[in-house]
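Q: Handing you a structure now.
Residue numbers (this note's numbering): 203 to 1267.
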């Protein structure tokens, strides 16, 4: 399709600018958003986000995989200053960096003793990690995985089971608890003090508020103490809190409300105005609250023992429960919750049972609603095949349950059409509110405010026919299916007609889009376009869009944005956009699209077009064409999304149906800019000259490395705990390497072997979308020290000694050299003359041998070796030409083609048998003479073997190949051949030829050897036609499938059924 043809299409889109001003896209394929005014849509965006969340389930990921080295439950989860996650488990302390677990090392007073048993961990306001063990207290050395004992002389005999810390300007006040004893330790003065507590009270929880109030939870109740002059006052029973209740967890909210979890009495929340308020959380027995954290402002997450998670919204007093559910695709791993932690990026980490879960609690913009999950008012079936919005109400086609009506307020409210076991795979609503639906063997229409489906009757088309796509305007309804395209005019007197002319080889319709002046038709192989005449379409106006990559693609969905740009979703080549500048753009995995199988386009919202793929959801800015991945990787639990199963609500929410249910995106809740990931070194390892391993801290600004290191390794990672596999990295040594070296997520190590002494600076960057590299650069400066002999002084001394030695040796040898000089000069002159003569002779012999290796000794023609050495250059030239044509979207000129001719002398064996081999040789020589007169110097004429000759003709149109074949036949049989001075023989030949490339769209599919094989097949075809004739192949038809091409490649004789064959008449 040329630019002027599409220019008219874009001119007609001026009317759509008004729609863009309302920030609501118009999609005639799914136009129901037009039923709502933009002002109302804007007013309810926030409400709809929270309402969708009430039906959504978090995506609980298991980052450690199926067989982690961790054993037992995860009791404590912490985050250090660099963003690494630390896990306290039954078999020790571990660091998780999103890719690997590293066991912590403990360094104390007695390094020979076994590692202590780890009981508990806590962090302070500075991000430092403290670990309580069976042998006292340890603290993380920044930039390493090593922990150093804190005051081992005083604390190593304390079994620390809980702890907390207050960081003051000049000291740290550490509160430590064993089973029934409480301690206060001042790190500056090294003073250890026992804090009195109720007799026999067992300590279960410690917490220090922002006001430096110490709260202690025991099996006998809640106690508190205030800090005064670096000392805590005696503990007192917390006023207003019920006595005798076992307290199991304590925390504070961002508003400084104290939150207390109990083992049997529910949750208590304290505020300055109302004291403690009790939340029982259950009608019967309140669950055992084992751990509590605030995941969003005024939203608490409660971890229970045996009852999973409870989300409590303090603002509206609502709760949601999350438990292990094998029906959910990404549910909680276990209902026993040992620990909860919200990290600096808003991710919530859960120690559940004997494994670890994590989910993004801060992301309320993406809601996953799963089908067949046993949830009340949830979707009845797992997979969503089709979805259509009517205002803010969704019509969902999910499995054998037909159509379900789903709302944010009530969930599934009713069934509209139950169609046996065949799922509804097509949904469409016209501006009048009519809902069209289709499943196998049934297509229906459901009028507005009705639940009664009526057969979709179209003249000449059965209502039992499956419909794949629909589009409408005020003038007509268009219906597409595997049976073609139908047009039903709005005026009853106008006839219903079947469109798509017979000359289209592919008439199966996959998608439709009606614009004010055109109809776009996505077929199973290519894109079609037709302009309206008086609002209707004539078959003669439908043309195929001439785009080489679109021509063979299944067009899954179509969309026109508010700028009038055309968006085309394909099932294997990514997303195509015909822009307002009249040029095609492509979005594939190479530029960050989460999958080249684009299944559906939901619409335009927030100035972006939203698409679903086989591996996730992406949004593309319609003006700047910037791509943003919304969900992908393990978090895209509903992918692959179903074909054309996407829509947009009146509120601007984007809805995608997939294998496990619905994914709903609320653009207004998405952050405008993503927070960069923390890029850190995980380990620096140096192999010294004496083979010792050294691991410096990764937080040092500059590292000094001793002389002659054998190897220096830098391991690094960007802390993406949800989808680390999609990250790409690159590095360079600044100053010595200006070019970046790229690495994938599984190869995050830079190794220098035997580095020379000097100053170095290693720079690292990461990318989360393949094309854009984050500005955040991780750098590490280091110096490799020189050995004594590599210093400048040693070098100067070495140079001086070397100069002296050279001078002495020079003087000693000078007289000897002068004596020998005359003798050598004479011998050299003699040998030079001999070598010149020998070289000239060798050069002549080499030229003769090279020519003999490339030439047939009988005919003087080139042989096969010559052809093998020269053909690849000519084939590469043709490939470059076709690539240029493909890049510029121009049709290749046939003047650049290459033709292969195989000439075989008929009944040559008879000549040898009847007249002898000398006669046969004479015939071959004469044939060579006659053929050489036909071909140009730039062509190749090769003796192919026996009585066969191969001619390669350059830069000749394939349509003229038969002329050359005719000349060859006539030249050979034009006159008798004189073979021995008195014997004349009538000699004929058969010719088979083939053009290269055989398939101009798949020009590299057949190599030149395969093309010669096909020419050979044509030769045998000519011989079967009684010889003395020719047969040729000028090309393979463009409609031939890939499997047929592969079959032809393996069996050249099958080409005659699929190619343009020329035969001499």
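From the three backbone atoms N, C-alpha and C, an ideal C-beta is built for every residue, glycine too.
Just so we're clear, the structure is a prediction, and the values are computed from it rather than from any experiment.
What is the DSSP secondary structure of residue 582, reduced to helix, strand or coil?
A: coil
Q: Among 587, 759, 1254, which residue has its Cα nearest to the Cα of residue 1219?
A: 1254
Q: In chain order, which continuous runs of the beta strand (DSSP E) of length 3 or greater are located wholly inside the segment 1163-1217?
A: 1191-1198
Q: For the segment 585-614, which segments carrying the alpha helix (DSSP H) assignment without a break, of at least 4 residues, lie completely within its bounds, in sequence order?
A: none
Q: Quick check on this structure: which residue in 881, 853, 645, 765 has the alpha carbon closest to the alpha carbon of residue 345?
A: 881
Q: Quick one: is residue 409 buried, meaning 16 or more other Cβ sit within 10 Å of its Cβ, or exposed?
A: Residue 409 comes out buried.
Q: Comparing the CB of residue 751 with every heavy atom of the ligand GDP, is any distance shorter than 6 Å?
A: The ligand GDP is not among the ligands present in this structure, which contains no ligands whatsoever.
Q: If we ignore side chains and look at the alpha-carbon of each, how far apart do residue 1119 and residue 1113 end up?
A: Their Cα atoms are separated by approximately 8 Å.
Q: Reducing DSSP to helix, strand and coil, say where residue 1125 ends up.
A: helix
Q: Indicate whether the contact test is met: 3 or more Cβ pairs, each with one atom in the segment 484-500 and one in the segment 441-452, closer than 8 Å.
A: Yes, the segment 484-500 is in contact with the segment 441-452.
Q: In whole angstroms, what is the alpha-carbon distance linking residue 225 and residue 807?
A: Its pLDDT being 32, under 50, residue 225 is placed unreliably in this model, and the value from its coordinates should be taken loosely. In this structure, the alpha-carbon of residue 225 lies about 6 Å from that of residue 807.
Q: Nearest by alpha-carbon distance to residue 316: which of 329, 293, 302 is it?
A: 293
Q: So which of 288, 1092, 414 has the shortest CA-CA distance to residue 280?
A: 288
Q: For the alpha helix (DSSP H) that contains residue 1080, what are its first and last residues?
A: 1066-1090
Q: Taking only beta-carbon atoms, is residue 825 less than 7 Å away from chain B?
A: No chain B appears in the structure shown, which is made up of a single protein chain.
Q: Give the range of the alpha helix (DSSP H) segment to which residue 355 is assigned.
A: According to the DSSP assignment, residue 355 belongs to the alpha helix (DSSP H) that extends over 354-357.
Q: Can you tell me the Cα-Cα spacing of residue 247 and residue 368, whole angstroms?
A: Because the pLDDT at residue 247 is just 35, under 50, the model does not fix this residue reliably, and the value given afterwards should be weighed accordingly. Going by the C-alpha atoms only, they are around 43 Å apart.
Q: Is the beta carbon of residue 818 closer than 7 Å to that of residue 924?
A: No, they are not a contact pair.
Q: Just to confirm, is the Cβ distance from residue 715 to residue 678 under 7 Å?
A: no
Q: Using CA coordinates, which residue listed in 576, 1168, 812, 543 is at the minimum distance from residue 1191?
A: 1168
Q: Which of the three DSSP states is assigned to residue 1274 in this structure?
A: Residue 1274 cannot be examined here, being either before or after the span of the chain that is shown, 203 to 1267.
Q: Using 8 Å as the cut-off, can you tell me whether the segment 564-574 makes contact with the segment 618-629, which would need three or more C-beta pairs spanning the two stretches below that distance?
A: no
Q: Looking at C-alpha atoms only, which residue of 420, 524, 519, 520 is the closest neighbour of residue 505?
A: 524
Q: So what does DSSP say about residue 505, is it helix, strand or coil?
A: strand
Q: Taking only runs of the beta strand (DSSP E) that begin and end inside the segment 894-954, which ones reach a length of at least 3 residues, in chain order?
A: 904-907, 913-920, 930-935, 943-946
Q: Contact between the segment 601-621 and the segment 830-850: three or more CB pairs below 8 Å?
A: no
Q: Is the beta carbon of residue 965 closer than 7 Å to that of residue 985?
A: no
Q: Count the other CB atoms, across all protein chains shown, that sit within 10 Å of the CB of residue 1073; report buried if there are 16 or more and exposed otherwise.
A: buried
Q: Determine the direct distance from the alpha carbon of residue 801 to that of residue 1105, and round the result to whole angstroms.
A: 52 Å
Q: Short check: CB of residue 353 to CB of residue 392, under 7 Å?
A: yes
Q: What are the complete beta strand (DSSP E) segments, minimum 3 residues, inside the segment 763-800?
A: 768-772, 777-780, 786-789
Q: Taking the straight line between their C-alpha atoms, what separation do you get for residue 856 and residue 1154?
A: 59 Å
Q: Kindly confirm or deny that the segment 298-311 and the segment 914-928 touch, where touching means at least three C-beta pairs closer than 8 Å.
A: yes
Q: Whole angstroms are fine: how far does the CA of residue 1066 sit from the CA of residue 826?
A: 55 Å
Q: If you compare alpha carbons, which of 255, 585, 722 is closest to residue 564?
A: The residue with the shortest Cα to Cα distance from residue 564 is 255.
Q: Okay, do the segment 646-665 and the segment 693-710 touch, 3+ Cβ pairs below 8 Å being the bar?
A: For the pair of segments examined, the segment 646-665 was found to touch the segment 693-710: the number of CB pairs separated by less than 8 Å reaches three.
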